[in-house]
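Chains as they are written, first to last, in my numbering: chain A, 22 to 628; chain B, 24 to 408.
Written below as structure tokens is the structure these notes are about.
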Amino acid sequence: MSSWLDYTINGLIVGNVYALVAVGLALIFGVSRLINFAQGSIYLVGAYVGWVAVVQLHTPLPLTIIVVAVAAAIVGLIIERFGLRPLQNSVRIAPLLATIGISFVLDQLVMLTFSPNPRALPSQLPDVRFQVGGGTIGPLDLLIAGVGLTSALLLFVFLRYSKLGWAVRAASQDRDAAMQMGVDVNRVNQAVFGIAAALGGVSGMLVGMYYNQIDTAMSLQATLKGVVAEVVGGAGNVPGAVIGSLLLGLVESYGVAVFGTSYRNLFAFLLLVVVLVLRPNGLFASARQAPPEPLTGTFIAPSRPVRIPRWALAVAAAGFAVLPLFPVSFYVLQTLINAWLLGMLALSLTLVAGTIGQVSLGHAALLAIGAYTSALLSLTFSVPVGLAIIGGGLMSAALGTALISPSFRLRGHYVSIATLAIGEIVSLVILNWETVTRGPIGISGIPPLSLFGYDLISPTSIYWFSFAVMVVLALLQGRLLGSHLGRSFRAIRDDDVAARAYGLGLNRYKSLAFIFGGFAAGISGGIAAHLYSYINHETFNTQQSILALTVVILGGLGNVVGAILGAVALVGLPEVFRIAAEYRILIYGIVLLLLVRFRPQGLLGTI
Amino acid sequence: MSNIDRRTLVKGSLAAMMAGAAFSRAASAQSSEPILLGVSGPLTGPNAQYGTQWKQGFDLALDEIMAAGGINGRKLAYQFEDSQSDPRQSVAIAQKFVSDPRIVMELGDFSSPASMAASPIYQRGGLVQFGFTNSHPDFTKGGDFMWSTSVSQADEQPLLAAYAVKRLGLKKLAVLHLNTDWGRTSRDYFVKAAKEYGAEIAVTEGYIAEERDFRSTLVRVRDANPDGLILISYYSDGALIARQARQVGLKQVMCAASSVYSPKFIELGGEAVEDVHLGTRYFPQDPRPEVKKFIAGFKAKYGGQEPDAFNAYSYDAMNMAAAVVKIGGTDRRAVRDAFAKVKDVSSVIFGQATFDVESRRVKGAMNAELVVRKGQFALWDGKPT
Numbered sequence: 022m023s024s025w026l027d028y029t030i031n032g033l034i035v036g037n038v039y040a041l042v043a044v045g046l047a048l049i050f051g052v053s054r055l056i057n058f059a060q061g062s063i064y065l066v067g068a069y070v071g072w073v074a075v076v077q078l079h080t081p082l083p084l085t086i087i088v089v090a091v092a093a094a095i096v097g098l099i100i101e102r103f104g105l106r107p108l109q110n111s112v113r114i115a116p117l118l119a120t121i122g123i124s125f126v127l128d129q130l131v132m133l134t135f136s137p138n139p140r141a142l143p144s145q146l147p148d149v150r151f152q153v154g155g156g157t158i159g160p161l162d163l164l165i166a167g168v169g170l171t172s173a174l175l176l177f178v179f180l181r182y183s184k185l186g187w188a189v190r191a192a193s194q195d196r197d198a199a200m201q202m203g204v205d206v207n208r209v210n211q212a213v214f215g216i217a218a219a220l221g222g223v224s225g226m227l228v229g230m231y232y233n234q235i236d237t238a239m240s241l242q243a244t245l246k247g248v249v250a251e252v253v254g255g256a257g258n259v260p261g262a263v264i265g266s267l268l269l270g271l272v273e274s275y276g277v278a279v280f281g282t283s284y285r286n287l288f289a290f291l292l293l294v295v296v297l298v299l300r301p302n303g304l305f306a307s308a309r310q311a312p313p314e315p316l317t318g319t320f321i322a323p324s325r326p327v328r329i330p331r332w333a334l335a336v337a338a339a340g341f342a343v344l345p346l347f348p349v350s351f352y353v354l355q356t357l358i359n360a361w362l363l364g365m366l367a368l369s370l371t372l373v374a375g376t377i378g379q380v381s382l383g384h385a386a387l388l389a390i391g392a393y394t395s396a397l398l399s400l401t402f403s404v405p406v407g408l409a410i411i412g413g414g415l416m417s418a419a420l421g422t423a424l425i426s427p428s429f430r431l432r433g434h435y436v437s438i439a440t441l442a443i444g445e446i447v448s449l450v451i452l453n454w455e456t457v458t459r460g461p462i463g464i465s466g467i468p469p470l471s472l473f474g475y476d477l478i479s480p481t482s483i484y485w486f487s488f489a490v491m492v493v494l495a496l497l498q499g500r501l502l503g504s505h506l507g508r509s510f511r512a513i514r515d516d517d518v519a520a521r522a523y524g525l526g527l528n529r530y531k532s533l534a535f536i537f538g539g540f541a542a543g544i545s546g547g548i549a550a551h552l553y554s555y556i557n558h559e560t561f562n563t564q565q566s567i568l569a570l571t572v573v574i575l576g577g578l579g580n581v582v583g584a585i586l587g588a589v590a591l592v593g594l595p596e597v598f599r600i601a602a603e604y605r606i607l608i609y610g611i612v613l614l615l616l617v618r619f620r621p622q623g624l625l626g627t628i
Numbered sequence: 024m025s026n027i028d029r030r031t032l033v034k035g036s037l038a039a040m041m042a043g044a045a046f047s048r049a050a051s052a053q054s055s056e057p058i059l060l061g062v063s064g065p066l067t068g069p070n071a072q073y074g075t076q077w078k079q080g081f082d083l084a085l086d087e088i089m090a091a092g093g094i095n096g097r098k099l100a101y102q103f104e105d106s107q108s109d110p111r112q113s114v115a116i117a118q119k120f121v122s123d124p125r126i127v128m129e130l131g132d133f134s135s136p137a138s139m140a141a142s143p144i145y146q147r148g149g150l151v152q153f154g155f156t157n158s159h160p161d162f163t164k165g166g167d168f169m170w171s172t173s174v175s176q177a178d179e180q181p182l183l184a185a186y187a188v189k190r191l192g193l194k195k196l197a198v199l200h201l202n203t204d205w206g207r208t209s210r211d212y213f214v215k216a217a218k219e220y221g222a223e224i225a226v227t228e229g230y231i232a233e234e235r236d237f238r239s240t241l242v243r244v245r246d247a248n249p250d251g252l253i254l255i256s257y258y259s260d261g262a263l264i265a266r267q268a269r270q271v272g273l274k275q276v277m278c279a280a281s282s283v284y285s286p287k288f289i290e291l292g293g294e295a296v297e298d299v300h301l302g303t304r305y306f307p308q309d310p311r312p313e314v315k316k317f318i319a320g321f322k323a324k325y326g327g328q329e330p331d332a333f334n335a336y337s338y339d340a341m342n343m344a345a346a347v348v349k350i351g352g353t354d355r356r357a358v359r360d361a362f363a364k365v366k367d368v369s370s371v372i373f374g375q376a377t378f379d380v381e382s383r384r385v386k387g388a389m390n391a392e393l394v395v396r397k398g399q400f401a402l403w404d405g406k407p408t
């Protein structure tokens, strides 16, 4: 029984750690309705500034905290001023994407400066420990709890009683009205970013001291856990973020207690999905909060899509089709094969995100379902590979739609967060469901692609095969978008209230879109499985989901040709920058930022 | 369909390319061109640190090879392509290497998904894929062009089990392992061997690589009441577990797999890793000459920095590659056949490395039984802790 006390204490301690990130995220969401994916990178910057202060400058702890807070705040102000303010009047999703690009750039800068090796960040507090239950608590645990709670309290007081705090709240309730009342919204935004970044930086430093370890990969995990905690608590609600963090810590700890360590994150993300389904605005969202706006829809970029004449498309397609007949290297073909596979995934995502307005951040899960289904069908049941791939597509369509359906009643950023969670859940189920998926060992020896008994093993034949499949899927989707059904999809995206008033059943149409989308993604995953011959739970990860989203934004939401163009560009860019080795992610991040800034509607515009 | 036509075309175009490449190079004196190895590994992304460590080991080995006169008078060099250890990128890199006639052999990739996704391409392309961190049991089953100096866990884990059970006398064990293909395979071999030696496995816990918080896991471990903790971890997570184990009041003896062997383990773990026992395949005080030479060279080249296991793997791999190329020359098929011919290559990990042609791996890793004492790795003196 005493163990439960220990699990509870441990859950609260780690919950504290999550709270440090979640509070900053909540603050920013409260004002800009933006989930700041760069918060984890600021946390990373804070950890490394702390390392410089402690290890090289030997600053005492209070001074270390001040140095880190100021440095992080400056980074936050720069992000706000140069990264996000120019995007104020562009598509709603542009700032979100910009924060992802900023996080690439920041993470990479830190890595280039400090090398990716983990470093020890010694705690500057005495190493005494107090016995609590079966375990112990140290001064740093208390300091982290203190910082988390104090900052939440101070923020609460600031928002409630200070003039700038009122302005923040006014701006978060109705930006335009606040502006008309004379509130300098830019100054408010700046203040909020500065405060949130200072908090984020200090939290990175404290967590680094807590584990005596910092490394450049810590930012994504911090962002993920922070986002989960924040949304569970109620996005934009500062005390809610603290409570959400503690709850997340407890659920994880109890999950480990009951089911074992490898299930830990599974319960974190299940908690998120359950909360979102039961209380779509989080546990502590105030009832008076304005409903979240759709991410796309009414905010779709006011631009005319670039219409590419049919003959030009036909010529381009024919050009790509005959490409292997020319002396191009297999490396180029393989890169294009990757592009076609990503293109299929992008088609899938552009349909659900661009056409019906459900921005998915967990799309890699559909790939994984397709890949595992196809691999297992062909290995275990000796189904011919061609049929197995179709089986993978069907399974992705069915299972993917079923898994995502609880998020159909959500709106705006909550859809993205729910799909992010579903993506993680699928990956963790694959890791743990060993009897079927072979767990961490993965599946090896997957038979190569074959069609009607002929093995497709040369890059040329794989190229033709994947290109043909993609073209067929693209043509089908083009037909779909031009049809009555496609117009209904767009009606739901643009104004779901009006669409419902007109008699459209939202869930049914969203399901239809995911069934089509899931099929395309599943086919892509299936082909990848046979191409790689080995897959495991890490083959299709969150990064892949973010890449897919970047592709469709780049190409233009809902734009079929744009999705393919985006895929070619984003598979090609890193290959082009391959010579730049360590710098290429940096360059990729900067390119992404420039695109979002100067062409937010995507290269070909939104349909 | 026009299967034959297509193949002829492909072959024709490839031959044309190769001929073109050969022609363009024929002008420059052939011996002045370095013999080129391809490396596919992570330089960015979550595993970037390992790629950086690889480079250090490669560069040190290359310095020594050049000082000794190169490969029959020719220079040896490598081309490092960043895969981020991502299968999508490692397959593209594989195509790039296979179709680049200058590349005579490939080294890497780091993780199993990235390596094994590329294997079919190397196998069909007839280019050796020399994986030196690939302990996945199926890696060398990818074909006769897959060779590895990565110690098979089937070899290493029984050594650790013998250390823990026979020498340290631990009878009831808790095993914490990284829940990846490597950690999982290692765990299975360890558990099997430990049971054979008469130990009881009280609990096994698998954690994911990004995990930082192990307190709740350690409560499970405490409740299972073991007399020893086995860490199948890398140095960073191993140090985290050790710190948190001491913080929650676990005082049991800890043993760790050789993969924690790194000066970073002590730096990150601090006092918590004091008295941790580990088997390792080399360590600086090892009197073997090949180890002494490696340590001295490494410290001289990198400003006194202590090498760790991944530095040693990549150093060994480059030396092995040089030995193979010395016999096999620049013909890819001959390079593959040369793996079966190399004998007793000086190696930090194996002392003398010779391949087992059946498994295409090296057998007989050396194992030194170490313990952390006063913030240093030291040979275990046989006294219980």
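The beta carbon of each residue, even a glycine, is placed where N, CA and C say it ideally should be.
For residue i, which residues in the same chain have their Cβ closer than 8 Å to its Cβ, ignoring the five residues on either side in sequence?
i	result
F46 of chain B	Confidence at F46 of chain B is low in this model, with a pLDDT of 44, below 50, so the placement of that residue should be treated as unreliable; the coordinate-derived value is given next. Closer than 8 Å at Cβ, skipping near neighbours: no residue.
R102 of chain A	Q211
A401 of chain B	Q308, L393, V394, V395
I126 of chain B	L59, L60, G61, Q102, F120, L150
V263 of chain A	A40, A43, V44, G169, L170, A173, G254
What is the C-beta distance between residue i and residue j, in whole angstroms, given that I count them as a contact (C-beta under 8 Å)?
i	j	result
V114 of chain B	Q355 of chain A	6 Å
L142 of chain A	A68 of chain A	7 Å
R207 of chain B	G281 of chain A	No, R207 of chain B and G281 of chain A are not in contact; Cβ-Cβ is about 14 Å, not under 8 Å.
V252 of chain A	I86 of chain A	Not quite, the Cβ-Cβ distance comes to about 28 Å (not below 8 Å), so this is no contact.
I631 of chain A	G159 of chain A	Here chain A has residues from 22 to 628 only, and residue 631 of chain A is not among them.
R238 of chain B	Q267 of chain B	6 Å
Q270 of chain B	R150 of chain A	7 Å
Identify, in the order they occur along the chain, each residue of the same chain with its Cβ nearer than 7 Å to the Cβ of residue i, setting aside the five sequence neighbours on each side.
i	result
S283 of chain A	L452, N453
K364 of chain B	I350
G398 of chain B	I289
F168 of chain B	Y145, Q146, G149, L150, V151, Q152, R359
P136 of chain B	P110
P107 of chain A	R618
I100 of chain A	A59, I123, F214
L616 of chain A	L575
K531 of chain A	I377, Q379, F429
S285 of chain B	Y258, D331, A332
Spell out the partners DSSP gives residue i in its beta bridges.
i	result
G251 of chain B	B:L196, B:V276
F214 of chain A	F214 of chain A is not bridged to any residue.
V395 of chain B	B:F400
Among residues of its own chain, excluding the 5 on either side of residue i, which ones have a beta-carbon nearer than 6 Å to its beta-carbon?
i	result
I467 of chain A	A396, A550, H551, S554
T240 of chain B	E228
G104 of chain A	A119, I123
Hey, is residue i close to the ligand MN, as in C-beta under 7 Å from one of its heavy atoms?
i	result
Y186 of chain B	Ligands in the displayed structure: none, and consequently the ligand MN is not present.
Task: Residue ranges of each alpha helix (DSSP H) within the region 328-377 of chain A, 4 or longer - done: 331-343, 351-370
Open item on the list: I want to know whether the region 522-542 of chain A touches the region 368-378 of chain A - three or more CB-CB distances under 8 Å.
Closed with: yes
Task: Runs of alpha helix (DSSP H) wholly within the region 58-126 of chain A (minimum 4 residues, chain order) - done: 60-72, 82-99
- [ ] Report the residue ranges of all alpha helix (DSSP H) runs contained in full by the region 510-547 of chain A; include only those spanning at least 4 residues, in chain order.
- [x] 517-522
TODO: Evaluate contact between the region 250-266 of chain A and the region 47-59 of chain A, counting only Cβ atoms and requiring at least three cross-stretch pairs below 8 Å.
DONE: yes
Task: Touching by the beta-carbon criterion (3+ pairs, under 8 Å), the region 573-592 of chain A and the region 619-627 of chain A - done: yes
Task: In chain order, each beta strand (DSSP E) run of at least 3 residues that lies wholly inside the region 275-322 of chain B - done: 276-279, 300-303
TODO: Flag this pair as touching only if the region 31-44 of chain A and the region 219-231 of chain A have three or more C-beta atom pairs under 8 Å; answer yes or no.
DONE: yes
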